[in-house]
Amino acid sequence: MRICSLLVVFLLSFIGNAQDYFPKNDGVKQSFKNHVAITHATIYVSPTQKLENATLLFKDGKIIEVGTNVTLPKNATLIDATGKTIYPSFIDIYSEFGIDKPQPAPRRGFVTQYDASREGYYWNDHVKPEFNAYENLKYDDKAAGSLREIGFGTVLSHWNDGIIAGTGLLWTLNDSDNNSKRILNTKISQHFTFDRSKLSNQSYPSSLMGSMALIRQVYHDAKWYATGASKTKDLSLESFNANKNLIQIFNAGDILNKLRADKIGKEFGVNYIIKGSGDEFEKIAEIKKTGATYIIPLDFPEAYDVSDPYLAQQVSLSDMKFWNQAPFNLKILAENNINFVLTANDNKKPKDFLDNLRKAVLYGLPKEKALAALTETPAKILNQSDALGVLKKGALANFIIVSGDIFDDKSTIHENWVQGNRNILDKMNVDDIRGTYDLVFNQQTFELAITGEVDKLEAKISKDSINFGTKLTYKEPWITLVIKTKDTTTTSFYRLTGIKNKTTLEGKAVLENGVETNWTATKKEASDKKEDKKEDKKDDKKVPEMVPVTYPNIAYGNSVKPTQETILFKNATVWTGEKEGTLTETDVLIQNGKIAQIGKNLSAPNAKIVDATGKHLTAGIIDEHSHIAISRGVNEGGQNSSAEVTIEDVVNSDDINIYRNLSGGVTSANLLHGSANPIGGRAAFIKLKWGYTPDEMLVKDAPKYIKFALGENVKQSNWGSGRFPQTRMGVEQVYEDYFSRALEYKKEWADYNASKAKNKVAPRFDIEMEVLGQILDRKRFITCHSYVQSEINMLMKLAERFNFKIQTFTHILEGYKVADKMAEHGVGGSTFADWWGYKYEVKDAIPYNAALMNGQGVVVSINSDDAEMSRRLNQEAGKAVKYGNVSEEEAWKFVTLNPAKLLQVDDKVGSIKVGKDADVVLWTTNPLSIYAKAEKTLVDGIVFYDLEKEKATLASIQKQRSELTNNLLEAKNKGLKTQAPKKKDVGHYHCDTLGENCVVSHAKYQ
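Take any residue in the sequence shown, count from 1 to its spot, add 236: that is its number in my numbering.
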């Protein structure tokens, strides 16, 4: 079938040139293809160059000449466009128009598909660069017409399916010809997304980080395959390499995903054209730094119907703000000189595109920038600057004729010419007969009022305050009026038919009795002026004030990014976490992001003084095991090993849980992969810098970690997936297998690097094996999800066989049984304070676990593994005092210095010591108390949470909600489209959360 499709397209590509010598058996062959000249128009030959009273001359689909002094050939067809404006027709480089999409794969119940369903292609079904849009075409006249109606003449069509989605083609919206003339380029682009293909149920990838890892591995594999080192044929990699010089378009999605796509591009030297989502203004500085060109949709959100005050509570403040801010997005992009083009692909109703384009211009987008984004810029991207997006000699005759300024709401697109073929959308030079007339017939004078749209007229006839039912039909120049008489005893009509002359309407009338007579309607000039005034008043649109962007752009966001301060805490009770213990009535100076001085009676010029009398100052809490601030999936569970993925790729700096954790005194968090597989993904150690970017939150010089897991979750014995391993014995064999392979991989590369052969071929670069090699080299450290003592012993022994050690056992609820062995191995324990009984393998858990491990010399920390618990880790630490009589100072180390030691960052954080990072918290009372509140939370000397300021923040949030609610109500009262309130749920990830959805949902606050 594919060979047939290729043959058809191959032959079609020659028809345009071959048809002159094809026989003609269905009619005469002679055709008349004269020059066409459109005269007396205002012509935009480019976004910045306009010609007045100009002529556009073209023939055979191409422009011959354009200018103000064009010599017209004999027999040229002339079209008078006096008072009209001509623009190059628009170009959409991101469209799914005309793609004949294959059917999605049927679901297979509870059976999970782990392997690819295709042979001879890449090992992952979601990678399909071999898919070519030009082989799957179904030209849709109706859809083409809808696009022409809003000004488009050329589109780049592709199928947005799969992580590598194949190639797109460039073709015109030309109903008059076939694909041999429409198609300008069969393969012009290669397309990427972060989403799985609908054609396959293959389980990997099941997360955003998995998609990113897969794209990286494809780049590495394609490079290796190109060397000829592969022993097998891979049609996907061959296609990927063949497509690498095409335009690379990445449908990224939300604001953070755009930055992620750009990050991958920079890693591999690829300049993606990035498809956005209209929220670029939220992080405009970061968007500008990418240097990328963006494809921007124009699908502004409709106003929310907040008439019901209770339903209105479901609308988050962020959604309210976005409704207000979205129309300003293009203005902000233009002000920041960011290159962008526009697409109508996301508009459910094509007409909305043109409406929103005009709205964007009204809100400040310069007209020349708007026009460039639809003509000149996409043409340049497509390397079609001589053929598309301009009106000059040799270019395609693709243009629109508009009644006036295209960006004016009153303007109408009359015609859209595509490759010299005329498409009439709204007849040009139609006489507008609307107005008020004196209608005279049968020796009586009536008032005739013609209103409505030019193409949908309405008529009303009255006399002496009596209205006559009237039906009007107008097909230029013919007019018909059917008027019901005022006789109430019978149903009878006057029937008027006639034509429009220069100044009047006139014709013959047939009365109710069949008698014919003449009629005349003369227009009243005064009525026009009144209507014009009403129309002008109606079109006087007011641009609202843009709600300021916050960082992040949700409730509790900062109006500006907070910066470092010099702060002197006076007379505090200082929990140093060092040998000095707890100091009373002590001062601490914070300067340049560091703890500068500790002592009594300190002073510092220009320092902000904080009276800490009666309050407690501690190091910030460090959560060793957290799943907050992660985008689209905490587990990559599609395989039994996912060492290739990293949480660093998917840090979500806009998660409200960052702010909530700061309010609980947490300053750092180790973001871990879940426990769906024996070998999980790599971790991300972040500082909770609320309002900063993911890249700014990452602690880049911190030692690198990876998540391993044991027990019920990884063997999936109760999940019915059928994936290996299904037993605890199988889990051990997974480790044996992977580390043995990693040793072989390391040897293969060592031999290659040592070889002096001239024609040596590099081994395949495997991200997964590279990471496991780092573990063997003790450059990456394991934190392992664990419960049962037998498995804990197994993993320590296995690590010793491969000559490395486990850094941390997390959960470790049977740690008290093997604490002596843990201390001997040198592994720490990061546990819960008092969790037990929530599944079978924790049946032996006890709340004394932390104290007992600590007593055996194990470095112990208490973690959350939960977005709610992490806000009160100070209280969790306090439980160690109750269960095991741990001293208060030692218990506090369980959430500060000890997790810092486990993460090997105790030289920077975890205690109050001169020279360490100023990650500190001021508490209202003893931090182990259930009554303690974090009053100020500092990270790197920056105040990210302030209890006193939060009162003002809450008031500001309420005020902003009230103002936006009034604006939304006003929009509804004006008759604008509205949508029902929608509750935006954001969930909490846990170790066993599969896929991209969270298992516990809560409303995104305000």
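Beta carbons: idealized from backbone N, C-alpha and C, even for Gly.
It should be emphasised that the depicted structure is a prediction, and the values quoted were computed from it without experimental measurement.
Asked	Found
Nearest-angstrom beta carbon gap, Y508 and I485 [assumed within contact, 8 Å]	7 Å
Exposure of K567, with buried meaning 16 or more beta-carbon neighbours within 10 Å	buried
For S382 and K629, the rounded distance between their alpha carbons	28 Å
Length at least 4, wholly inside the stretch 1161-1230: the alpha helix (DSSP H) runs in chain order	1183-1209
Presumed contact (8 Å Cβ cut-off) between V1078 and A1086, rounded CB distance	Their Cβ separation, rounded to whole angstroms, is 15 Å, which puts V1078 and A1086 out of contact at 8 Å.
Burial state of T1229 (16 or more Cβ within 10 Å)	buried
Contacts around Y350, its chain only, beta-carbon distance under 8 Å, and the 5 residues preceding and following it disregarded	Q438, S439, Y440, G874, Q875, R959
Same chain, Cβ closer than 8 Å to Y370, five either side skipped, listed in chain order	V245, T403, L405, I419, T422, K423
Opposing strand residues paired with L405 [DSSP bridges]	S393
Residue closest to L632, alpha-carbon to alpha-carbon, out of A609, N657, D645, P614	N657
Nonlocal neighbours in the same chain, by C-beta distance under 8 Å from K616, ignoring five residues either side	G625
L495 versus Q969 - alpha carbon distance	39 Å
Status (buried if at least 16 other CB within 10 Å, exposed otherwise) for I1098	buried
Contiguous beta strand (DSSP E) assignments of at least 3 residues, all confined to the stretch 981-1054	1016-1022, 1044-1047
Three-pair Cβ contact test at 8 Å for the stretch 748-756 versus the stretch 727-739	yes
Whole-Å CB distance - V272 paired with I315, under 8 Å assumed	7 Å
Bridge partner(s) assigned by DSSP for F921	N906
Element boundaries [beta strand (DSSP E), containing I697]	692-699
Inter-stretch contact at 8 Å, needing at least 3 Cβ pairs: the stretch 989-1002 / the stretch 1012-1032	no
Given 8 Å, three or more beta-carbon pairs between the stretch 408-417 and the stretch 604-613	no
Boundaries (first-last residue) of the beta strand (DSSP E) holding K859	Correcting the residue type first, residue 859 is Asp in the shown sequence and not Lys. Residues 857-862.
Status (buried if at least 16 other CB within 10 Å, exposed otherwise) for L366	The identity of residue 366 in the sequence shown is Glu, whereas the question assumes Leu. Answer is buried; the Cβ neighbour count reaches 16.
Rounded separation between D1080 and G1073 - CA only	8 Å
Contacts around D582, its chain only, beta-carbon distance under 7 Å, and the 5 residues preceding and following it disregarded	P533, D535
DSSP three-state assignment for N270, whether helix, strand or coil	coil
I660 beta carbon less than 7 Å from that of G387	no
Reference P324; option with closest CA among E1050, T278, W359	T278
DSSP state of G743 mapped onto helix, strand, coil	strand
E1107 and N897 closer than 7 Å at C-beta	Contrary to the premise, residue 1107 reads as Arg rather than Glu in this sequence. Yes, these two residues count as a Cβ contact at 7 Å.
Assigned exposure category for Y358 - 16 Cβ within 10 Å defines buried	buried
Pairwise C-alpha distance: Y974 and N1039	15 Å
Residue burial classification, T313 (beta-carbon count within 10 angstroms, cutoff 16)	exposed
Distance CB(G910)-CB(V1157) smaller than 7 Å	no
Helix, strand or coil at Q827 [DSSP, three-state]	strand
Minimum length 3: unbroken beta strand (DSSP E) runs contained in the stretch 439-527	483-487, 509-511
Enclosing alpha helix (DSSP H) for S416 [first to last residue]	415-418
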